[in-house]
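Trainee: Structure in structure tokens, see below.
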Amino acid sequence: MTDETQDEYRIKEGGVRLLTTGEIQMAHSVFLSTIDYSKVWIHRESYLPFNLQDKNTAMTPNGEIYFRDQYCDDFSQTTDDLQHMFIHEMGHVWQRMKGMNIIMRGLVSWMVSYRYTLDGRLLSEYPMEQQAQIIADNFTLEAHGYDGWLRLRGWEIVTLDGDASESIIREMYRNSLRGFPW
Numbered sequence: 005m006t007d008e009t010q011d012e013y014r015i016k017e018g019g020v021r022l023l024t025t026g027e028i029q030m031a032h033s034v035f036l037s038t039i040d041y042s043k044v045w046i047h048r049e050s051y052l053p054f055n056l057q058d059k060n061t062a063m064t065p066n067g068e069i070y071f072r073d074q075y076c077d078d079f080s081q082t083t084d085d086l087q088h089m090f091i092h093e094m095g096h097v098w099q100r101m102k103g104m105n106i107i108m109r110g111l112v113s114w115m116v117s118y119r120y121t122l123d124g125r126l127l128s129e130y131p132m133e134q135q136a137q138i139i140a141d142n143f144t145l146e147a148h149g150y151d152g153w154l155r156l157r158g159w160e161i162v163t164l165d166g167d168a169s170e171s172i173i174r175e176m177y178r179n180s181l182r183g184f185p186w
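Oh and the sequence shown: position 42 is 46 in my numbering, straight run, nothing missing.
Set out below in structure tokens:
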């Protein structure tokens with residue numbers, strides 16, 4: 005990304021922008037053409053009134069992503085933990101485009117666990133937050149390798165429960181994600 009192009013995506017608090025080319029490429033590697041990337045807006049502000057959205061929490065209630073302190077000018081050029089967060093939120097964009105009521109389900113998402121087991125179920129059989137988490141965790145494994153995946157697991161960003169070898173973990177993700185994205 006050139007300095008001129010970068011300036012196009014640099015926004016102040018309260019600002020909004022479209023996805024960068026790098027973010028679109030990164031998201032496309034996961035969601036293929038199932039998302040209309042030209043309609044995804046990134047906000048650098050709280051979705052909730054009076055800045056009630058936690059500073060370290062992203063929200064995607066309406067197909068647009070709201071970041072506070074975790075905002076980046078280009079998530080494709082940042083750390084693996086922030087890329088994980090971006091793909092998790094893009095998972096909610098994808099869910100909404102597929103007809104899931106994100107706002108209603110999101111009202112209780114603070115009460116639900118993001119932890120999951122890969123027990124043979126398809127992605128569609130998991131709750132909303134676990135779906136987005138499985139998608140983001142698998143992205144980390146594919147994009148940053150097993151060592152990157154393990155590092156984020158140690159930080160409790162990757163939330164798969166249970167222990168298994170790399171080859172078994174990869175096979176479990178393939179099984180859960182078969183047919184994805186639909």
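Beta carbons are placed, not taken as given, at the ideal position from N, Cα and C, and that holds for glycine.
Among residues of its own chain, excluding the 5 on either side of residue 57, which ones have a beta-carbon nearer than 8 Å to its beta-carbon?
Mentor: Residue mapping note: residue 57 aligns to position 53 of the sequence shown, counting from 1. Once the five neighbours on either side are set aside, the close Cβ partners of residue 57 are 50, 51, 63, 70, 72.
Trainee: Could you tell me which residues DSSP pairs with residue 47 in its beta bridges?
Mentor: Reading the sequence shown from its first residue, position 43 is the one you call residue 47. Residue 47 is bridged to 20, 70.
Trainee: Give me the Cα-Cα distance between residue 47 and residue 153, rounded to the nearest whole angstrom.
Mentor: Against the sequence shown, residue 47 aligns to sequence position 43. Against the sequence shown, residue 153 aligns to sequence position 149. For residue 47 and residue 153, the distance between alpha carbons rounds to 27 Å.
Trainee: Report all residues from its chain with a CB closer than 7 Å to the CB of residue 144; omit the five preceding and five following residues, and keep chain order.
Mentor: Sequence index remark: in the sequence shown, residue 144 carries index 140 (1-based). Taken in chain order, the residues that qualify are 84, 88, 152, 153, 156, 162.
Trainee: Could you tell me if residue 188 is buried or exposed, where buried requires 16 or more neighbouring beta carbons within 10 angstroms of its beta carbon?
Mentor: No answer is possible for residue 188: the residues shown for the chain start at 5 and end at 186.
Trainee: Which value, in whole angstroms, describes the spacing of the CA atoms of residue 55 and residue 171?
Mentor: The count along the sequence shown starts at 1 and reaches residue 55 at position 51. The count along the sequence shown starts at 1 and reaches residue 171 at position 167. Whole-angstrom Cα-Cα distance: 43 Å.
Trainee: Taking 8 Å as the cut-off, decide whether the C-beta atoms of residue 99 and residue 26 are in contact.
Mentor: On the sequence shown, position 95 is the one that residue 99 refers to. On the sequence shown, position 22 is the one that residue 26 refers to. The Cβ atoms of residue 99 and residue 26 lie no closer than 8 Å to each other.
Trainee: Nearest CA to the CA of residue 177: which residue from 86, 160, 136?
Mentor: Start at 1 with the first residue of the sequence shown, and residue 177 comes out as number 173. Residue 177 has its Cα closest to that of 136, out of 86, 160, 136.
Trainee: Return the chain-ordered list of same chain residues with a C-beta closer than 8 Å to the C-beta of residue 102, the five sequence neighbours on each side being excluded.
Mentor: Counted from its first residue, the sequence shown places residue 102 at position 98. Only 38, 186 meet the Cβ criterion.
Trainee: Just how far apart, CA to CA, sit residue 17 and residue 149?
Mentor: Locating residue 17 in the sequence shown gives position 13, counting from the first residue. Locating residue 149 in the sequence shown gives position 145, counting from the first residue. Those two C-alpha atoms are separated by around 33 Å.
Trainee: Looking only at C-alpha atoms, which of 123, 120, 91 sits nearest to residue 78?
Mentor: Position 74 of the sequence shown, counted from the first residue, corresponds to residue 78. Ranking 123, 120, 91 by Cα distance to residue 78 puts 91 first.
Trainee: Determine the direct distance from the alpha carbon of residue 166 to that of residue 130, and round the result to whole angstroms.
Mentor: The sequence position of residue 130 within the sequence shown is 126, counting from 1. The sequence position of residue 166 within the sequence shown is 162, counting from 1. Straight-line Cα distance between these residues: approximately 17 Å.
Trainee: Between which two residues does the alpha helix (DSSP H) containing residue 89 stretch?
Mentor: On the sequence shown, residue 89 is found 85 positions in, with the first residue counted as 1. Counting along the chain, the alpha helix (DSSP H) containing residue 89 begins and ends at 84–101.
Trainee: Between which two residues does the alpha helix (DSSP H) containing residue 151 stretch?
Mentor: Numbered from its first residue, the sequence shown carries residue 151 at position 147. Looking at the DSSP string, the run of the alpha helix (DSSP H) that includes residue 151 is 132–158.
Trainee: In the DSSP assignment, what are the bridge partners of residue 120?
Mentor: Here the question's residue 120 lines up with position 116 in the sequence shown. DSSP, once it has assigned bridges, lists 164 as partnering residue 120.
Trainee: Using the Cβ count rule (16 or more neighbours within 10 Å means buried), how would you classify residue 107?
Mentor: The residue given as residue 107 occupies position 103 in the sequence shown. With fewer than 16 other Cβ atoms within 10 Å, it is exposed.
Trainee: Using the C-alpha atoms, what's the distance from residue 182 back to residue 24?
Mentor: Within the sequence shown, residue 24 is the residue found at index 20, counting from 1. Within the sequence shown, residue 182 is the residue found at index 178, counting from 1. If I take the Cα positions, the gap works out to 28 Å.
Trainee: In whole angstroms, what separates the C-alpha of residue 61 from that of residue 147?
Mentor: Here residue 61 refers to the residue found at position 57 when the sequence shown is read from its first residue. Here residue 147 refers to the residue found at position 143 when the sequence shown is read from its first residue. Taking the straight line from one Cα to the other gives about 23 Å.
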